[in-house]
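Working notes for the structure below.
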Amino acid sequence: NAGVTQTPKFQVLKTGQSMTLQCAQDMNHNSMYWYRQDPGMGLRLIYYSASEGTTDKGEVPNGYNVSRLNKREFSLRLESAAPSQTSVYFCASSEDLYNEQFFGPGTRLTVL
Amino acid sequence: GQQLNQSPQSMFIQEGEDVSMNCTSSSIFNTWLWYKQDPGEGPVLLIALYKAGELTSNGRLTAQFGITRKDSFLNISASIPSDVGIYFCAGHPINVVFGQGTRLTINP
Numbered sequence: 013n014a015g016v017t018q019t020p021k022f023q024v025l026k027t028g029q030s031m032t033l034q035c036a037q038d039m040n041h042n043s044m045y046w047y048r049q050d051p052g053m054g055l056r057l058i059y060y061s062a063s064e065g066t067t068d069k070g071e072v073p074n075g076y077n078v079s080r081l082n083k084r085e086f087s088l089r090l091e092s093a094a095p096s097q098t099s100v101y102f103c104a105s106s107e108d109l110y111n112e113q114f115f116g117p118g119t120r121l122t123v124l
Numbered sequence: 175g176q177q178l179n180q181s182p183q184s185m186f187i188q189e190g191e192d193v194s195m196n197c198t199s200s201s202i203f204n205t206w207l208w209y210k211q212d213p214g215e216g217p218v219l220l221i222a223l224y225k226a227g228e229l230t231s232n233g234r235l236t237a238q239f240g241i242t243r244k245d246s247f248l249n250i251s252a253s254i255p256s257d258v259g260i261y262f263c264a265g266h267p268i269n270v271v272f273g274q275g276t277r278l279t280i281n282p
């Protein structure tokens, strides 16, 4: 089992460009999450999906959109990237909302 | 929203020393989780706590769910070089909230 996979691993964007971060899990988990991690700060929840077909805002949703494509996949889209979105993005999944989360390896995004 | 305060923010210790860190929240939590993050990797779960007062061990690691349900503690005994990393607490009232992390550095 691969667990949680994320693509790409690295990305450089110019201000105003758009892109989609992909995440997939093969553990048949119901819940999936997107976090960002900035230096000196913990993980901040951007969006989450409690189950297939539902998505909800987390602590820092502005500038992002998500799609729970199916039970396996949960994508994060930046419509118009800004330098403030330079960060490391982690996807995670859990059996249900209150269970332990399993994290992907992260995507390092730089917006110039 | 919920706030998690994790301390200390960083620790510099000698190999073999014991380590203690803690998290406090402004509200009651139903679950406390402790994760470790190695450089360039995603966090990995170390210990999960589900009941107030619960004390759980995982090898040299011991964590406790505070009686008030507003705090949790993680202890590492006899530290070794591979313990280096960032340790995060996380809590579940509804959404998951993460602490700011404790960066552990070990001098051999």
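So the protein lines, in turn, are chains A and B.
Residue numbering for the first sequence follows our numbering, starting at 13 and increasing by one per position.
Residue numbering for the second sequence follows our numbering, starting at 175 and increasing by one per position.
Even for Gly, the Cβ is constructed at its ideal location relative to N, Cα and C.
- Ile241 (chain B) is classed as exposed because its beta carbon has fewer than 16 other beta carbons within 10 Å across all chains shown.
- In terms of Cα proximity to Gly54 (chain A), the closest of A:Glu71, A:Val123, A:Tyr76, A:Lys21 is A:Glu71.
- In terms of Cα proximity to Lys21 (chain A), the closest of A:Leu109, A:Gly52, A:Cys103 is A:Cys103.
- Here DSSP, grouped into helix, strand and coil, assigns Asp257 (chain B) to helix.
- Interface annotation, Pro117 (chain A): in contact with chain B, CB-CB separation under 9 Å.
- Taking the C-beta atoms as reference points, Arg89 (chain A) is found nearer than 9 Å to Met31 (chain A).
- Residues of chain B with a Cβ closer than 7 Å to the Cβ of Gly75 (chain A) do not exist; the shortest Cβ-Cβ separation is about 18 Å.
- Contact annotation: Ser63 (chain A) and Tyr45 (chain A) have beta-carbon atoms that are not nearer than 9 Å.
- For Ala237 (chain B) and Gln23 (chain A), the gap between their C-alpha atoms comes out near 37 Å.
- By the criterion of at least three beta-carbon pairs nearer than 8 Å, the segment 211-229 of chain B is in contact with the segment 95-115 of chain A.
- Look at the segment 98-110 of chain A: the residues with a C-beta under 7 Å from a C-beta of chain B are Phe102, Tyr110.
- Close CB contacts of Ala222 (chain B) within its chain, under the 6 Å cut and outside five residues either way in sequence, are with Leu207 (chain order).
- Counting along the chain, the unbroken beta strand (DSSP E) around Asn249 (chain B) starts and ends at 245-250.
- Contact of Glu112 (chain A) with chain B by beta-carbon distance below 8 Å involves Leu207, Leu219, Ala222.
- Within its own chain, the residues whose Cβ lies closer than 6 Å to the Cβ of Gly273 (chain B), once the five positions on either side in sequence are excluded, are Leu178, Gln180, Cys197, Phe262, Cys263, listed in chain order.
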